[in-house]
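Asker: So in numbering that gives the first Met the number 0, spot 39 of the sequence shown is number 38, and the numbers just go up one at a time.
Could you have a look at this structure, given as structure tokens, before my questions?
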Amino acid sequence: MVPPPAQVQAMLNEDQQKTDMLKKTFNMFDTSKCGYIDTHSISTIFSTMGQILDEEELIKIITRVDYEGAGRVNFDGFCEIASHFLDEDDAEAMQEELKEAFRLYDKEGNGYITTATLKEILAALDDKLTPEDLDGMISEIDTDGSGTVDFDEFMEMMTGE
């Protein structure tokens with residue numbers, strides 16, 4: 000039985016939202032804007048999205064995608080890797096985990112973290128990021144130029160929504 004057109008459109012919209020989220024995340028870590036990200040960044044990316052990965056499984060999947068052993072993947076390869084780990088039913092759980100992570104860094108409970116704090120977090124997650132990389136990521140995240148990142152900006156960074 001073919002699903003009704005409205006249901007098909009809803010499924011397509013959901014897929015487009017996921018693709019947009021992955022593209023934004025990919026672009027954030029493609030700091031040289033060359034169309035590739037280092038495979039060592041993949042675990043970092045998924046942990047920032049609240050995903051706990053089985054390292055052994057991740058290595059197998061990366062090996063299938065990066066079959067030449069170049070140590071990098073393009074966006075399509077990144078999406079293929081993501082499809083193994085991002086479960087549609089986990090979206091709500093991921094949002095809750097991100098809220099909790101934000102609360103941990105918002106020590107004063109004022110609804111925002113400084114861009115300096117976020118820079119420290121990102122640097123700790125991926126020690127290969129240069130200060131220039133971090134500045135570029137922060138400028139994309141702090142869209143209003145306030146020097147702070149509120150929960151909505153944080154969520155947009157992490158989910159692309």
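The beta-carbon is built from N, C-alpha and C at its ideal position, and this holds for glycine as well.
Looking at the unbroken alpha helix (DSSP H) that takes in THR47, where does it start and where does it end?
Answerer: The residue given as residue 47 occupies position 48 in the sequence shown. THR47 -> alpha helix (DSSP H) spans 39-47.
Asker: According to the Cβ coordinates, are ALA81 and LEU21 closer than 8 Å?
Answerer: On the sequence shown, position 82 is the one that residue 81 refers to. On the sequence shown, position 22 is the one that residue 21 refers to. Result yes, Cβ atoms of ALA81 and LEU21 sit closer than 8 Å.
Asker: Expressed to the nearest angstrom, what Euclidean distance is found between the alpha-carbon atoms of GLY68 and GLY110?
Answerer: Within the sequence shown, the letter at position 69 stands for residue 68. Within the sequence shown, the letter at position 111 stands for residue 110. Their Cα atoms are separated by approximately 43 Å.
Asker: Whose C-alpha, out of LYS32, CYS33, LYS59, SER31, is nearest the C-alpha of SER42?
Answerer: Within the sequence shown, residue 42 is the residue found at index 43, counting from 1. Checking every option, the nearest Cα to that of SER42 belongs to LYS59.
Asker: Quick check: what's the CA-CA separation for GLU107 versus PHE25?
Answerer: The sequence position of residue 107 within the sequence shown is 108, counting from 1. The sequence position of residue 25 within the sequence shown is 26, counting from 1. Cα to Cα, GLU107 sits roughly 31 Å from PHE25.
Asker: With ILE112 as the anchor, note down where its beta strand (DSSP E) starts and where it stops.
Answerer: By one-based count along the sequence shown, residue 112 stands at place 113. Run containing ILE112: 111-113, per the beta strand (DSSP E) assignment.
Asker: What is the rounded straight-line gap between the Cα of LYS32 and the Cα of THR129?
Answerer: Position 33 of the sequence shown holds residue 32. Position 130 of the sequence shown holds residue 129. Answer to the nearest angstrom: the Cα atoms are 14 Å apart.
Asker: Taking just the CA atoms, how far does TYR66 sit from LYS30?
Answerer: Taking the first residue of the sequence shown as position 1, residue 30 is located at position 31. Taking the first residue of the sequence shown as position 1, residue 66 is located at position 67. Correcting the residue type first, residue 30 is Thr in the shown sequence and not Lys. Going from the Cα of THR30 to the Cα of TYR66 covers about 23 Å.
Asker: To the nearest angstrom, report how far apart GLU55 and ILE44 are at their CA atoms.
Answerer: Position 56 of the sequence shown, counting from 1, holds the residue named residue 55. Position 45 of the sequence shown, counting from 1, holds the residue named residue 44. Approximately 16 Å, taken between the alpha carbons.
Asker: Would you tell me roughly how many angstroms separate the C-alpha atoms of THR62 and ALA115, rounded to the nearest one?
Answerer: Position 63 of the sequence shown, counted from the start, is the residue given in the question as residue 62. Position 116 of the sequence shown, counted from the start, is the residue given in the question as residue 115. Each residue's Cα considered, the two are about 35 Å apart.
Asker: With a 10 Å radius around its C-beta and 16 neighbouring C-beta atoms as the bar for buried, classify LYS17 as buried or exposed.
Answerer: As a working mapping, residue 17 is identified with position 18 in the sequence shown. Burial call: buried.
Asker: For ILE61, does the three-state DSSP call read helix, strand or coil?
Answerer: Here residue 61 is taken as the residue at index 62 of the sequence shown, counted from 1. Note: ILE61 maps to helix in three-state DSSP.
Asker: Would you kindly work out how many angstroms separate the C-alpha atoms of ILE36 and PHE28, rounded to a whole number?
Answerer: As a working mapping, residue 36 is identified with position 37 in the sequence shown. As a working mapping, residue 28 is identified with position 29 in the sequence shown. The alpha-carbon atoms of ILE36 and PHE28 are separated by roughly 6 Å.
Asker: In the DSSP output, which residue or residues are listed as bridge partners for THR147?
Answerer: Taking the sequence shown and counting its residues from 1, one reaches residue 147 at position 148. Its beta-bridge partners are THR113.
Asker: Decide if ASP19 is buried, meaning its Cβ has at least 16 other Cβ atoms within 10 Å, or exposed.
Answerer: Walking along the sequence shown from the start, residue 19 turns up at place 20. Exposed.
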